[in-house]
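Written out below as structure tokens is the structure these notes cover.
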Amino acid sequence: MTLLALCCCVGALALAARDLRHARAATPGGGVHALGRLQRVAARYDRSRPGRRLANRLWRAQVHMSPAAWRFAQALALAPLATALAGFGMDAVPALVSASTAVRVVSALTLYLRRHASGAALDRVAPDLARALSTELAAWGSGGQAVTVAASRASAWSAGPMASHVLQAAAARVVLGGDASSSLHRAMLDSVPRLHPTAAAARVGAVFALHRHDSAATAQALDRLAAAVEAEAALRSDVSVAVAEVRMSAVAVPLLAAATLALLLATDHAALIAALSPPLLPLIGAAVLVVASMSIGVRRLVST
Amino acid sequence: MTPTSLDLPIAMRVGSVVCGTLLMLAALRLAVRGGRWFTPGTLGGRVVVNSARIAARLTPLHRMRDVTSVPTRLALAPDCWAARWIGAGIGADESHPPDLRRLIAGVRLVSAAACAAPVALVALAAFPAPSAVVIAALALAVGATLPDLALGAAARKARRAGVDDAAASVDMLAATASAGLSLPEAMVLTAGHAPPAVAAALRAAAVRRAMGEDARTALCSETQRYGVASLADVAQAVERQQRLGVPLGPELHRIAERVRAEHRTAALRRAARRGPLGTIAVALLIAPLCVAVVIACLVGGIAGGGGL
């Protein structure tokens, strides 16, 4: 009965949100009062210190949501989980607390595991950046012109949010009177704070800085660098394809065994008791350790 | 309930086993991947410096090859934990220039103490005194060797990475040379965006060139020291440029293309060789072990249920 009541509550909330959205879309003036207040609260949270900190983490993980939207998505995930826990017999407050903890832990873990995504995204667009900058330099443009023109054309060649972000930030600095290469470097560091000097994007920035010495040679070097980065990516892809089967089997075989074991232990109570008691428990623990280390070892063997 | 089973509820036991397994996997992952999970600060630096003072009187903590190998390894693997401890010692040491031989001996002493102390405590609690002393002595020896092993492994890894990424560095050198920079300037600029092995070789060669040494000789000797063979071709190109006036940029581009092609061939050959090796490991080791675990649980269940 509790489960049914909570399901009804969640359903009512979802329907209300949908109706509110539809009403706002149909009549621009209607429903603005409530939504406007909500938007103001969201905007205030986005501007706050925790909001800005979360925005940085979201950018590093390349999750293109505002902090308020992220929190709202967490709340949406929290509701069904709390409902399910309540359905299993837990009281309302402990269910809410447990679900909130689980959702927050999972979302924090997701952001932590994807913390290098911005660096990878910048490296992916490095060839496009290099070509966009070299076009103007090849036509005897200055460094500042190269950055501003590339920024203005970034939306035209659908560069993606990372390339647009970097070029727009660099162009803004150039417009304010900054040096082109320093502006590009600062924009890259703003987008990816821990940008490694050997990363492809950092190399693009370093080669672009040579335009002060020779624009034409720098344009050629940027084109060559773009081709080299693409060749490196193609090589990585070829190697990855060649060993994909082994990489997958090194994970799939232990996972299939774990699934079989879980099924067996879930259906056979005597087997579960035996598995959780000596001497089988240490043996299973040792086997899990050995299999996990061998699986990691095989993946590393074929990856390097 | 069998006499061997624990008195905990079944859900708690399942939860504790799952949590323990996850923690073990996390520890394994941390051990395999390494990473900068601990950085010694000023206090660590003082510990290293004070240990170095004590270690100066302990001959077994000094090695003959420290004079040549330690600076090279520090340049190749600055992120290794032993290198970070030495770096902390350099920060806390007041002597200029820092004595790396003394500091590495201090790190060896710290590592030996850190290894031996817990092992000795456990051994004293579990074994008779003579055995405990032998075990503690062994732990002391292993602990004193650990910094060298870690630095050596990290230096070998950096050398391999340097060989793999040499083409990108040569390309960068070509770009800087084509833009009209002088060779030492080009080498220093390239070193800023190169992997540690190439960066160390280029910086050392630039210093020797600035001190008046011939560029080819400097590059060749530093190439041998840091194990980046492709820079030897760069040295020859530099020599040709100085002797015949051949432009350096196109020469370096050709070298970069050749190095890249060689690297591509080697990587594909390695993948073709290691793929079947991985399949053999999965088929002969991982799969039988997984099946054995499932069968053991099945048999345990049958035996526990009175089926056998």
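Quick mapping for you: the protein sequence lines, in order, are chains A and B. Going by our numbering, the first sequence opens with residue 2, and the numbers climb by one from there. Going by our numbering, the second sequence opens with residue 6, and the numbers climb by one from there. Ideal Cβ placement from N, Cα and C applies to all residues, glycine included. All figures in this text were calculated on a predicted structure; none of them were measured in a lab.
Leaving out five residues on either side along the sequence, give the residues of the same chain with a beta carbon under 8 angstroms from the beta carbon of residue i.
i, result
"T149(A)", "A172, V175, V176"
"R164(B)", "L81, A202, Y231, G232, V233"
"G46(B)", "A93"
"S192(A)", "W60, S119, L123, M163, H166, V167, A170"
Does the beta carbon of residue i sit closer than 7 angstroms to a beta carbon anywhere in chain B?
i, result
"D269(A)", "yes"
"D124(A)", "no"
"D215(A)", "yes"
"S182(A)", "no"
"S250(A)", "yes"
"V176(A)", "no"
"V42(A)", "no"
"V106(A)", "no"
"P255(A)", "yes"
"R195(A)", "no"
"R45(A)", "no"
"A121(A)", "no"
"T211(A)", "A small fix is needed here, since residue 211(A) is Leu in this sequence, not Thr. Judged by the 7 angstroms Cβ criterion, L211(A) is in contact with chain B."
Can you check whether the C-beta of residue i is within less than 7 angstroms of a C-beta belonging to chain A?
i, result
"A206(B)", "no"
"V298(B)", "yes"
"I324(B)", "The question about residue 324(B) has no answer, for chain B in this structure spans 6 to 313."
"R279(B)", "yes"
"T77(B)", "no"
"H198(B)", "yes"
"A209(B)", "no"
"A163(B)", "no"
"M192(B)", "no"
"A180(B)", "yes"
"M29(B)", "yes"
"G309(B)", "yes"
In chain A, which residues lie with their C-beta within 8 angstroms of the C-beta of residue i?
i, result
"S74(B)", "Here the premise fails: no neighbours, minimum Cβ distance about 24 angstroms."
"T150(B)", "Within 8 angstroms Cβ-Cβ: nothing; T150(B) doesn't reach chain A, min ~23 angstroms."
"S183(B)", "D215, A218, Q221, A222"
Where does residue i sit, in a helix, a strand or coil, going by DSSP?
i, result
"C85(B)", "coil"
"H308(A)", "Residue 308(A) falls outside the range modelled here, since chain A spans only 2 to 305, and no answer is possible."
"T28(A)", "Legend: pLDDT at T28(A) = 48, less than 50; position of this residue unreliable, no value from coordinates given."
"R70(B)", "coil"
"S304(A)", "helix"
"F89(A)", "coil"
"F132(B)", "coil"
"V98(A)", "helix"
"M66(A)", "coil"
"T44(B)", "coil"
"P252(B)", "coil"
"R62(B)", "coil"
"M216(B)", "coil"
"G179(A)", "coil"
"E246(A)", "helix"
"V126(A)", "coil"
At 7 angstroms on the CB atoms, spell out the chain B contacts of residue i, in chain order.
i, result
"M295(A)", "A286, L290, I291"
"P198(A)", "G197, H198"
"T261(A)", "V299"
"A276(A)", "C302, G305"
Between which residues of its own chain and residue i is the CB-CB distance below 7 angstroms, once the five residues before and five after are set aside?
i, result
"G111(B)", "V53, V54, S56, A57, A60, G94"
"V247(A)", "V299, V303"
"R208(B)", "V193, A196"
"L66(B)", "A60, A110, R113, L114, A149"
"W86(B)", "A155"
Starting from the C-beta of residue i, find all residues in its chain whose C-beta is less than 6 angstroms away, skip the five residues before and the five after it, and write them out in chain order.
i, result
"L97(A)", "A83"
"P169(A)", "This sequence places Gln at residue 169(A); Pro is not what is there. A152."
"S251(A)", "Per the sequence shown, the amino acid found at residue 251(A) is Ala instead of Ser. So the list reads S296, V299, R300, once near-sequence residues are dropped."
"R214(B)", "P189, A220, A223"
Just to make sure I have the definition right: I need the residues of chain A whose C-beta is within less than 7 angstroms of the C-beta of residue i. Which are they?
i, result
"D176(B)", "R225, L226, A229"
"C295(B)", "V254, P255, A258, V292"
"A159(B)", "Chain A residues near A159(B): none, gap ~15 angstroms exceeds 7 angstroms."
Find the residues of chain B that neighbour residue i, judging by a C-beta separation of less than 9 angstroms, and give them in chain order.
i, result
"D239(A)", "R269, A272, L273, A276"
Using a C-beta to C-beta distance shorter than 9 angstroms, which residues of chain A count as neighbours of residue i?
i, result
"R265(B)", "A229, A232, E233, L236"
"L303(B)", "L265, D269, A272"
Taking Cβ-Cβ distances shorter than 8 angstroms, what residues in chain B pair up with residue i?
i, result
"L281(A)", "A301, C302, G305"
"V244(A)", "A276, R279, G280, G283"
Find the residues of chain E that neighbour residue i, judging by a C-beta separation of less than 8 angstroms, and give them in chain order.
i, result
"D170(B)", "Included in the structure are the protein chains A and B, with no chain E among them."
- [ ] Determine contact between the stretch 201 to 216 of chain A and the stretch 194 to 212 of chain B, defined as no fewer than three beta-carbon pairs at a distance below 8 angstroms.
- [x] The stretch 201 to 216 of chain A vs the stretch 194 to 212 of chain B: in contact.
Open item on the list: Is it the case that the stretch 214 to 222 of chain A contacts the stretch 133 to 150 of chain A, given that we only count it when at least three CB pairs across the two stretches are under 8 angstroms?
Closed with: yes
TODO: Examine the Cβ distances between the stretch 134 to 144 of chain B and the stretch 112 to 125 of chain B and report whether three or more of them are shorter than 8 angstroms.
DONE: Counting Cβ pairs under 8 angstroms, three or more are found: they touch.
Open item on the list: So, does the stretch 249 to 267 of chain B touch the stretch 256 to 265 of chain A, judging by three or more C-beta pairs under 8 angstroms?
Closed with: no
- [ ] Please confirm if the stretch 107 to 122 of chain A is in contact with the stretch 220 to 232 of chain A, defined as three or more CB-CB distances below 8 angstroms between the two stretches.
- [x] By the criterion of at least three beta-carbon pairs nearer than 8 angstroms, the stretch 107 to 122 of chain A is not in contact with the stretch 220 to 232 of chain A.
Task: Meets three-Cβ-pair contact criterion under 8 angstroms: the stretch 270 to 278 of chain B and the stretch 271 to 284 of chain A - done: At 8 angstroms Cβ cutoff, the stretches do not touch.
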